[in-house]
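In what follows, a single structure is set out as structure tokens and then discussed.
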Amino acid sequence: MSTLRFDSVSHDELARMSAVFESGAHVVLGTERDGTNGIVQLAAGIAAPRAGRVTLDDQAPHDRAVVRRRVSALCVEERLPEARTVAAAFALALSARGDTRSPQSVLDQAGLSSFATRRSATLSARELRALALAFALSHERPLLLALFEPLSALDLLAEEFVLASLSNAVNAGAIVLATANRLEDAARLGGVIGVIERGVWLGAALPELLEVALRVRTPEPRRLAARLAETPDVLAVEWGGGSELVVRGSTLESIAAKVVESARAEAIRIEALRCEAPSLDALAAERAGLAQAAYERARLDAPNKNQNQIPIFTNGRTLQ
Amino acid sequence: MNDVLLGMRLARERLRGFTPSFVFALSALGAYVFAVIERQGEAGSAADSALEGGVFGLLLPVLAYLLSERVCAASRLDRAVDPLARYGSDRRQALLGVFVVSALCTALVGGVLAAIALFGARAVSDSGFAADLRASVAIGIGVGASYALFFGAASLFGKRGGGRKWALILDFVLGAGSSLFAAPFPRGHARNLLGGAPVLELSQGGAGVALALIGFLCVALSLIRTPS
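Taken in order, these protein sequences are the chains called A and B.
One gets the numbering used here by counting positions in the first sequence from 1 and adding 3 to each.
Numbering-wise, the numbering used here puts 62 at position 66 of the second sequence, and it's gapless, one number per residue.
Structure representation (structure tokens):
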């Protein structure tokens, strides 16, 4: 069992982050401005924290080469070690990792063999990220995979390859710490979801939306809508004239149960049920609420401290 | 050992390209032209002026600075090996590799520039030319290596290795003297080796030891200040 620990870490956007990630899959929900890239860089030992301590199995990755050798990372901006071609750059990186495989075999595995002879200087940022992700996933015995939005580099890499590689790493006992800025990506990556908002770590809690929506396709939408309108858990039912209803409620499970219950009672056939993705505004509002709650909690946790010592975080900066 | 070699490969890759060769060629031409002009003015002291003023006074420190900037990828010395360290290389060992390439290249530059300046300042048929050439090239190699390590260690300071720039300025300003303040800088010792005013009344042998000590301390400081 490996453990990645952040102890009161402050670095760029991150503000006194304390968190523990154990072997398994973890997703940090947030954007680069929230500090997700900082988390990846610190976890991988690419950067040293300005304050606090980051340890992987009780050793600081930034200070211990032997730990970094078993860590793979994908950052927001990538660059290969200076070399003429991609294969030469991969050869350098593999040597640094102590990996005896050939660069060609690593590229072949990811379906990127056509890049082997490409000059490194001609690569675009998108290609560099795809190559860096392929290299990160090629690690045979990783302790930690720290990946910044790995599902945003899928135009050159197959999603099945990425998800299968992550799954293999988890099964081998590694910590897979990926970031995502969309709930949909977080769900595809799987694992424990934690939220970071403007540098404040909100913990492993998915923001609970005040309202969720379920799309129901049925041949008799009017009858079903009439029945659902009388159900207490359903906040609203929308029918646009087609065969689809949008049912709104507080939790997905409860409104799905009510839809099924109502359809059975009225003997109405349901052709499809689909969860409607929440709007970004709704998600942002929820995350802001969580951030406020975390701030309030911090105030309550430090009753003896001078109020002026409690920082207010906004846009990743400390105002007070 | 593997990481030292990786550091050397990284540094070598950074020195590839047209610009370093072009700058060196331009400097060599400058050293030769300056020496020829000196020779036409006053042939007796042309070699001393060309070496002390042109090569060791201006060209070699500036070229060593530029070379150090290049091998460090215009960043701090400890960050210069990040492209390898992130994959597991030991920063200290990789940094040693960078130092080795940097010192070898600057030593070569120093030796070649010294030889070119001497060829411009004196006729090959002059008595004692071969001995002077050997001595000048040896001084060029030693001072070049010392400057490379000096600027390398200075690159550990500042957010982006700005200490390198300050080291160049301080070497010009303080290194020109002969007092205690000049002792930590290669300039005064190079001048001593060429027969100029010594720093702290050191002998020429002492100046050579001082240059070696500067290099050693710079490497030691760099290794101490850089995490694994």
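Beta carbons: idealized from backbone N, C-alpha and C, even for Gly.
**Request:** Could you tell me which chain A residues have their CB closer than 7 Å to the CB of R160(B), listed as they occur along the chain?
**Result:** On the second sequence, residue 160(B) is found 164 positions in, with the first residue counted as 1. Within 7 Å Cβ-Cβ: nothing; R160(B) doesn't reach chain A, min ~19 Å.
**Message:** Is P106(A) close to chain B? Criterion is C-beta to C-beta, closer than 8 Å.
**Reply:** As a working mapping, residue 106(A) is identified with position 103 in the first sequence. So, not an interface residue.
**Prompt:** By Cβ distance below 7 Å, which residues in the same chain neighbour Y143(B) in space, the five residues on each side in sequence not counted?
**Reply:** Counting from one through the second sequence, the residue named residue 143(B) turns up at place 147. Cβ within range, chain order: L56, P57, A60, T102, P182.
**Message:** Run through chain B and tell me which residues come within less than 8 Å of D66(A), C-beta to C-beta.
**Reply:** The count along the first sequence starts at 1 and reaches residue 66(A) at position 63. Those are P223, S224, listed as they occur along chain B.
**Item:** Own chain residues within Cβ distance below 6 Å of E35(A), not counting five before or after
**Value:** Your numbering for residue 35(A) matches position 32 in the first sequence. These residues qualify, in order along the chain: V79.
**Message:** Quick check: P52(A) and V12(A), are their CB atoms within less than 8 Å of each other?
**Reply:** For the purposes of this step, residue 52(A) is taken as the residue at position 49 of the first sequence. For the purposes of this step, residue 12(A) is taken as the residue at position 9 of the first sequence. Yes; because the gap between Cβ atoms is below 8 Å, this pair is in contact.
**Asked** In terms of DSSP beta bridges, what is G206(A) paired with?
**Response** On the first sequence, residue 206(A) is found 203 positions in, with the first residue counted as 1. Its beta-bridge partners are V198(A).
**Request:** Quick one: measure Cβ to Cβ for L97(A) and R104(A), integer angstroms, because I've assumed they're closer than 8 Å.
**Result:** Along the first sequence, read from residue 1 onward, the residue named residue 97(A) stands at position 94. Along the first sequence, read from residue 1 onward, the residue named residue 104(A) stands at position 101. Taking 8 Å as the upper bound for CB-CB distance, L97(A) and R104(A) are in contact here, some 6 Å apart.
**Request:** Using only the heavy atoms of the ligand MN, determine whether one of them is closer than 7 Å to the beta carbon of T125(A).
**Result:** Inclusion of the ligand MN in the displayed structure is not the case, the ligand content being empty and no account of it being possible.
**Prompt:** For the region 63 to 87 of chain B, which residues have a CB atom closer than 9 Å to at least one CB atom of chain A, in sequence order?
**Reply:** A69, D78, P79, L80, A81, R82, Y83, G84, S85, D86, R87
**Prompt:** In the DSSP assignment, what residue or residues form a beta bridge with Q62(A)?
**Reply:** Numbered from 1 along the first sequence, position 59 holds the residue referred to as residue 62(A). Bridge partners of Q62(A): L59(A).
**Prompt:** Nearest-angstrom Cα distance between S265(A) and A167(A)?
**Reply:** By 1-based counting over the first sequence, the position of residue 265(A) is 262. By 1-based counting over the first sequence, the position of residue 167(A) is 164. Roughly 40 Å between the two C-alpha positions.
**Message:** Do L255(A) and T221(A) count as a contact pair if the criterion is CB distance below 8 Å?
**Reply:** The residue you call residue 221(A) lines up with position 218 of the first sequence. The residue you call residue 255(A) lines up with position 252 of the first sequence. Inclusion of T221(A) and L255(A) in the CB contact set at 8 Å is not warranted, their separation being larger than that value.
**Message:** So, for G159(B): in the same chain, excluding its five sequence neighbours on each side, which residues have a beta-carbon less than 7 Å away from its beta-carbon?
**Reply:** The sequence position of residue 159(B) within the second sequence is 163, counting from 1. Correct list, in chain order: A150, S151, L152, F153.
**Item:** Buried versus exposed call for T317(A) [16 or more other C-beta atoms within 10 Å across all chains shown]
**Value:** Looking up residue 317(A) in the first sequence gives position 314. The predicted position of T317(A) is uncertain, since its pLDDT is 43 and thus under 50; a value taken from the coordinates is nonetheless stated next. So T317(A) counts as exposed.
**Request:** Use the C-beta contact count for V263(A): other C-beta atoms within 10 angstroms, 16 or more gives buried, fewer gives exposed.
**Result:** Within the first sequence, numbered from 1, the residue matching residue 263(A) stands at position 260. The residue in question, V263(A), is exposed, as its Cβ has fewer than 16 Cβ neighbours within 10 Å.
**Prompt:** Skipping 5 residues on each side, what residues in its chain have a beta carbon closer than 7 Å to that of A110(B)?
**Reply:** Along the second sequence, one-based indexing puts residue 110(B) at 114. The answer, listed in chain order, is L47, V51, S132, V133, I135, G136.
**Prompt:** Using a C-beta to C-beta distance shorter than 8 Å, which residues of chain C count as neighbours of S13(A)?
**Reply:** Among the protein chains of the structure shown, namely A and B, there is no chain C.
**Asked** Does DSSP put G27(A) in a helix, a strand or coil?
**Response** Stepping through the first sequence from its first residue, residue 27(A) is reached at position 24. Residue state, collapsed to three classes: strand.
**Request:** Using only alpha-carbon positions, find the residue among A179(B), A141(B), D86(B), R87(B) that is nearest to G106(B).
**Result:** Stepping through the second sequence from its first residue, residue 106(B) is reached at position 110. Comparing Cα positions, the closest option is A141(B).
**Asked** Whose CA, out of M4(B), A31(B), I33(B), L62(B), lies closest to the CA of S17(B)?
**Response** Locating residue 17(B) in the second sequence gives position 21, counting from the first residue. Closest by alpha carbon: L62(B).
**Prompt:** Is the CB of L6(B) under 8 Å away from at least one CB in chain A?
**Reply:** The residue given as residue 6(B) occupies position 10 in the second sequence. Yes, its Cβ sits closer than 8 Å to a Cβ of chain A.
**Request:** Using alpha carbons as the reference points, say which of L95(A), R121(A), V74(A) lies closest to V0(B).
**Result:** Reading the second sequence from its first residue, position 4 is the one you call residue 0(B). Considering only alpha carbons, the answer is L95(A).
**Asked** Does any residue of chain A bring its CB to less than 8 Å from the CB of R156(B)?
**Response** Within the second sequence, the letter at position 160 stands for residue 156(B). Cβ-Cβ to chain A under 8 Å: no for R156(B).
**Inside the region 131 to 192 of chain A only - beta strand (DSSP E) runs reaching at least 3 residues** = Taking only runs of at least 3 residues, the beta strand (DSSP E) segments lying wholly in the region 131 to 192 of chain A are 147 to 150, 178 to 183.
**Closest Cα partner of S41(B) within the set G191(B), A208(B), L196(B)** = Your numbering for residue 41(B) matches position 45 in the second sequence. For the residues G191(B), A208(B), L196(B), the minimum Cα distance to S41(B) belongs to G191(B).
**Message:** Using the three-state DSSP reduction, which class does L198(B) fall into: helix, strand or coil?
**Reply:** For the purposes of this step, residue 198(B) is identified with residue 202 of the second sequence, where counting begins at 1. Of the three classes helix, strand and coil, the one that applies to L198(B) here is coil, per DSSP.
**Prompt:** So is T222(B) buried or exposed if we call it buried at 16+ other beta carbons inside 10 Å?
**Reply:** Here residue 222(B) refers to the residue found at position 226 of the second sequence. When all chains shown are included, T222(B) counts as buried.
**Message:** So the candidates are G204(B), E197(B), M4(B); which of them puts its Cα closest to the Cα of G173(B)?
**Reply:** By 1-based counting over the second sequence, the position of residue 173(B) is 177. Ranking the options by Cα distance to G173(B), first place goes to E197(B).
**Request:** Would you kindly check if the distance between the Cβ of G114(A) and the Cβ of A161(A) is under 8 Å?
**Result:** As a position in the first sequence, residue 161(A) is number 158, starting the count at 1. As a position in the first sequence, residue 114(A) is number 111, starting the count at 1. With respect to the 8 Å criterion, A161(A) and G114(A) are classified as neighbours on the basis of their beta carbons.
**Message:** Between L154(A), A47(A), S253(A), G206(A), which has its C-alpha nearest T182(A)'s C-alpha?
**Reply:** In the first sequence, the residue the question calls residue 182(A) occupies position 179. The shortest C-alpha separation from T182(A) is found at L154(A).
**Prompt:** How many angstroms separate the CA atom of L92(B) from the CA atom of S224(B)?
**Reply:** Numbered from its first residue, the second sequence carries residue 92(B) at position 96. Numbered from its first residue, the second sequence carries residue 224(B) at position 228. Roughly 12 Å between the two C-alpha positions.
**Prompt:** How should A21(B) be labelled, buried or exposed, when 16 other C-beta atoms within 10 angstroms of its C-beta is the threshold for buried?
**Reply:** Against the second sequence, residue 21(B) aligns to sequence position 25. Under this definition A21(B) is an exposed residue.
**Prompt:** When the Cα atoms are used, what is the spatial distance from A190(A) to R277(A)?
**Reply:** Stepping through the first sequence from its first residue, residue 190(A) is reached at position 187. Stepping through the first sequence from its first residue, residue 277(A) is reached at position 274. Approximately 15 Å, taken between the alpha carbons.
**Prompt:** Residues of chain A with CB under 8 Å from R35(B), in chain order?
**Reply:** Taking the second sequence and counting its residues from 1, one reaches residue 35(B) at position 39. In chain order: nothing, as chain A lies at least about 42 Å away.
**Request:** Answer yes or no: does any C-beta atom of chain B fall closer than 8 Å to that of L115(A)?
**Result:** Stepping through the first sequence from its first residue, residue 115(A) is reached at position 112. Answer no: the Cβ-Cβ gap between L115(A) and chain B never drops below 8 Å.
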